[in-house]
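Residue numbers (my numbering): 3 to 644. All remarks here apply to the structure that follows.
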Amino acid sequence: MASSQKRRLTRIGISLLIYAVILVLPIDSWFEQPTGLYVEFFLFLIPYLIAGYDVLIKAVRGIGHGQVLDEYFLMSVATIGAFALVLFPDAEPHMAEGAAVMLFFQVGEFFEDYAVGKSRKSIAELMDIAPEYANLLDPEGYSYLVDPDDVEPGQLIIVKPGERVPLDGVVVSGTSQLDTSALTGESLPRSVRVGDEAISGCINLNGLITVQVTKPYGDSTVQRILALVEDASERKATSEAFITRFARYYTPIVVGGAVLLAIIPPLLGFGAWSDWIQRGLVFLVVSCPCALVISVPLSFFGGIGGASRQGILVKGGNYLEALAHCDTVVMDKTGTLSTGKFSVIEAVPAHDGDTEVSELLRKAAHAEAFSTHPIATSIREAFEASNDGASIDQSCVTDVSEIAGRGICATVGDTHVKVGNRQLMEDVAGMPEEDPSCIGTLLFVACNGVYAGHLLIGDSLKPDAAIAIKQLNEMGSKTVMLTGDREDVASAVAIELGITDYRAHLLPQEKVAVVEQLLATKKTSGKHTLAFVGDGINDAPALMRADIGIAMGALGSDAAIEAADVVLMDDAPVKIAASMRIAKRTMRIVWQNIIFAIGVKIAILILAVFGIATLWLAVFGDVGVAVLAILNAMRALHVERA
3 MASSQKRRLT RIGISLLIYA VILVLPIDSW FEQPTGLYVE FFLFLIPYLI
53 AGYDVLIKAV RGIGHGQVLD EYFLMSVATI GAFALVLFPD AEPHMAEGAA
103 VMLFFQVGEF FEDYAVGKSR KSIAELMDIA PEYANLLDPE GYSYLVDPDD
153 VEPGQLIIVK PGERVPLDGV VVSGTSQLDT SALTGESLPR SVRVGDEAIS
203 GCINLNGLIT VQVTKPYGDS TVQRILALVE DASERKATSE AFITRFARYY
253 TPIVVGGAVL LAIIPPLLGF GAWSDWIQRG LVFLVVSCPC ALVISVPLSF
303 FGGIGGASRQ GILVKGGNYL EALAHCDTVV MDKTGTLSTG KFSVIEAVPA
353 HDGDTEVSEL LRKAAHAEAF STHPIATSIR EAFEASNDGA SIDQSCVTDV
403 SEIAGRGICA TVGDTHVKVG NRQLMEDVAG MPEEDPSCIG TLLFVACNGV
453 YAGHLLIGDS LKPDAAIAIK QLNEMGSKTV MLTGDREDVA SAVAIELGIT
503 DYRAHLLPQE KVAVVEQLLA TKKTSGKHTL AFVGDGINDA PALMRADIGI
553 AMGALGSDAA IEAADVVLMD DAPVKIAASM RIAKRTMRIV WQNIIFAIGV
603 KIAILILAVF GIATLWLAVF GDVGVAVLAI LNAMRALHVE RA
């Protein structure tokens with residue numbers, strides 16, 4: 003608890019004690035009226051000033067800055083008005099209520115500060131992944147502590163067991179296990195050895211590792227994540243914007259209503275001035291919209307923080323709200339539902355040709371020598387494995403031309419080689435009329451315009467892919483799979499996972515067209531939104547075109563963090579449904595608070611008009627509702643693991 007909170011709590015305790023003593027004093031038997039009334043006035047003024055002197059000071063300062071309708075001004079006017087009723091001979095004394103209103107207002111302020119502080123502390127602890135230092139290794143082999151900002155790419159750092167990895171880099175010495183839970187939400191450690199990537203923000207659990215830095219600290223994963231979480235509060239949800247607009251009009255209207263209620267009826271002869279002034283004071287007490295202004299943003303803040311605890315980074319309350327209304331999830335198969343780690347299952351030379359398996363692999367691997375596509379990598383690895391680790395001779399590869407969505411053409415030695423799908427082989431002689439019956443990605447190989455054989459590339463599904471689809475289906479979301487694979491491959495995967503809608507044989511630009519088509523059919527469906535899930539790199543256009551772009555497996559990927567609205571730091575498809583559950587739960591809490599706060603305030607305002615609501619009830623309508631709404635908002639921080 004902060005020192006300011008302790009001081010406020012002490013003042014509240016002293017005021018409450020004095021207030022309780024005054025209540026039990028037999029003032030009526032000690033003094034005759036109206037002397038007793040004035041004594042009571044000055045006695046209740048003591049706890050009132052002890053508890054609320056700072057509120058009065060803030061109200062005066064607010065007037066000086068033009069903030070006439072803030073909560074401090076409204077509470078000051080309401081409580082001073084309650085004390086001022088003693089000036090009306092026919093009025094019932096309300097000094098006790100005036101002091102109580104100020105006292106309980108301070109109790110409410112204390113709980114609000116405590117709740118907000120606790121929530122922010124929880125987020126701060128959660129996101130306390132920024133390293134304080136780095137162990138820089140100099141050319142002589144000595145290490146010394148430096149600020150991570152002072153380390154440049156290419157330099158070496160050592161990370162000892164128990165230390166946090168300060169910068170992104172590649173392990174050049176040692177083996178260890180890294181705790182990535184602060185980034186991904188997963189408790190299972192990740193093993194690293196020479197050549198593996200070490201991501202900033204992870205904790206080194208056991209071995210000493212030397213890391214060659216690949217990015218400056220300002221561009222590191224940990225800094226990108228921290229910036230993302232900090233910026234999230236700037237992107238307001240529709241509900242937050244509604245509350246801002248509501249508060250802008252609600253307070254002036256209710257204050258105006260309080261003035262009219264206190265003046266018009268007695269001028270028209272309907273009752274005593276003191277009765278209507280009291281009703282106006284009730285209006286003033288409940289005119290502050292702090293229950294909504296604090297609890298609604300706090301709910302989104304908590305929802306975003308709770309999601310980040312699971313390695314789900316949401317870039318703003320607007321995206322969290324859109325995710326809550328998502329009823330269609332479009333997924334790219336590769337890297338989302340499948341591992342994206344390809345391997346050559348089979349290499350089949352043409353029956354009537356003279357090409358051997360090893361030669362077929364050699365030609366295909368050399369044609370793919372400069373490609374960064376995962377399938378190209380698998381072909382090169384297959385060639386190297388079948389040739390005892392022999393490396394590819396890039397010097398014999400020329401005239402490389404990569405055609406998106408079709409394949410690659412290159413000259414290998416004196417042979418013109420094509421590797422790709424059937425569309426690339428339109429002018430190739432000897433092509434089989436039908437594709438072989440097989441499950442996997444089929445690549446044809448042609449040499450000098452003649453069919454030379456085909457390669458079958460496999461890509462295994464992620465272990466939790468079927469569970470993820472089942473969870474989405476149970477939530478009532480429509481799932482659509484997009485893939486560049488053949489129809490039979492796509493159909494087999496869809497059946498295995500339980501997906502009813504899939505689109506096969508798509509080029510990258512055609513995936514965007516499918517998203518556009520699905521969005522067009524949803525224009526008349528109100529708030530319902532469409533999410534696209536991909537790796538954030540190859541499908542950035544589709545990610546940006548969808549209502550919500552979700553990038554999966556973004557740990558260490560700047561492109562994914564940049565392109566998406568929601569970033570899943572690991573490769574688990576079940577996090578898609580988890581993010582939607584968190585969003586829906588957050589929105590339930592938001593609307594619970596909105597309906598509860600507005601409902602109670604309207605009810606008290608109606609009761610006040612008829613003289614039924616007292617200042618005590620008004621205190622509950624303001625302070626009590628605010629505290630309950632804030633405590634409810636704090637539930638958004640606590641989410642179950644996926």
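Idealized CB from N, CA, C, for every residue including glycine. These figures come from a predicted structure and were not determined experimentally.
Using the three-state DSSP reduction, which class does residue i fall into: helix, strand or coil?
i      : result
His353 : coil
Arg475 : Reading the sequence as shown, one finds Asn at residue 475 and not Arg. If DSSP states are grouped into helix, strand and coil, Asn475 belongs with the helices.
Arg505 : strand
Lys343 : strand
Leu315 : strand
Val153 : coil
Ser222 : coil
Ala548 : coil
Lys513 : helix
Ser493 : helix
Thr330 : strand
Ala566 : coil
Let me check understanding here. Comparing Cα to Cα, which of the options lies closest to residue i?
i      : options                        : result
Thr336 : Gly455, Gly555, Gly38          : Gly555
Arg311 : Gly110, Met571, Leu263         : Met571
Ala522 : Asn208, Trp275, Leu633, Thr330 : Thr330
Asp181 : Tyr21, Glu165, Asp170          : Glu165
Val298 : Ser241, Arg547, Asp149, Val103 : Ser241
Val256 : Gly623, Ile632, Leu607, Thr616 : Leu607
Ala615 : Arg281, Gln35, Ile632          : Arg281
Gln40  : Ile65, Phe85, Gln69            : In the sequence as presented, Gln is not what sits at residue 40; that position holds Tyr. That would be Phe85, whose Cα lies nearest to the Cα of Tyr40.
Phe107 : Ala136, Glu73, Leu87           : Glu73
Ala628 : Gln594, Pro510, His640         : Gln594
Pro163 : Asp115, Asp567, Ile205, Leu185 : Ile205
Asp487 : Asp334, Ser380, Pro434, Ile29  : Asp334
Thr443 : Phe534, Glu386, Leu508, Gly318 : Leu508
Arg547 : Gly197, Glu404, His530, Val514 : Val514
Gly551 : Tyr321, Glu114, Ala599, Val26  : Tyr321
Thr83  : Val287, Ile160, Asp140, Lys217 : First, the residue type needs correcting, since residue 83 is Gly and not Thr in the sequence shown. When each option's Cα is compared against that of Gly83, the closest is Val287.
Looking at the unbroken alpha helix (DSSP H) that takes in residue i, where does it start and where does it end?
i      : result
Ser31  : 29-32
Arg281 : 275-287
Ser301 : 292-310
Ala324 : 319-326
Arg192 : Not the alpha helix (DSSP H): Arg192 falls in the beta strand (DSSP E), residues 192-194.
Ile255 : 240-269
Glu361 : 359-369
Leu617 : 617-621
Cutting at 8 Å between CB atoms, please list the residues of its own chain near residue i, excluding the five before and the five after it.
i      : result
Thr253 : Leu71, Leu76, Ser289, Cys290, Pro291
Phe112 : Gln7, Arg10, Leu11, Ile14
Leu520 : Thr330, Val332, Val482, Leu532
Ala494 : Ile441
Ile20  : Ile48, Pro49, Ile52
Pro191 : Gln179, Leu180, Asp181, Thr182, Leu207
Once you ignore the five residues that flank residue i on each side, which residues in its own chain have a CB closer than 7 Å to its CB?
i      : result
Gly500 : Ala468, Ile471, Lys472, Asn475
Asp576 : In the sequence under discussion, the amino acid at residue 576 is Val, which differs from the Asp named in the question. The answer, listed in chain order, is Asp466, Ile469, Ala470, Gln473, Ala644.
Asp2   : Nothing about residue 2 can be reported from this structure: the residues present for the chain run from 3 to 644 only.
Tyr219 : Pro150, Asp151, Val153, Leu169, Gln225
Ile59  : none
Assuming residue i contacts residue j (C-beta within less than 8 Å), just tell me the rounded distance between them.
i      : j      : result
Ser222 : Ser202 : 4 Å
Leu263 : Val611 : 7 Å
Ser78  : Val109 : About 17 Å; that fails the 8 Å criterion.
Val399 : His368 : 5 Å
Gly176 : Leu210 : 5 Å
For residue i, which residues in the same chain have their Cβ closer than 6 Å to its Cβ, ignoring the five residues on either side in sequence?
i      : result
His418 : Asn450
Tyr50  : Ala101, Met104
Pro268 : Trp275, Trp278
Ser193 : Gln179
Phe43  : Val88, Met97
Tyr135 : Leu147
Arg424 : none
Ala492 : Thr485, Tyr504, Ala506
What residue range does the beta strand (DSSP E) around residue i cover?
i      : result
Ala580 : Per DSSP, Ala580 belongs to no beta strand (DSSP E); it is in the alpha helix (DSSP H), 576-611.
Ser145 : 145-148
Tyr453 : 452-463
Ser483 : Correcting the residue type first, residue 483 is Met in the shown sequence and not Ser. That run of the beta strand (DSSP E) goes 480-484.
Ala412 : 409-414
Lys60  : No beta strand (DSSP E) contains Lys60, which is instead part of the alpha helix (DSSP H) from 37-66.
So that I know if they touch, is there some Cβ in chain B lying closer than 8 Å to that of residue i?
i     : result
Met97 : Absent from the structure is chain B; it holds one protein chain and no more.
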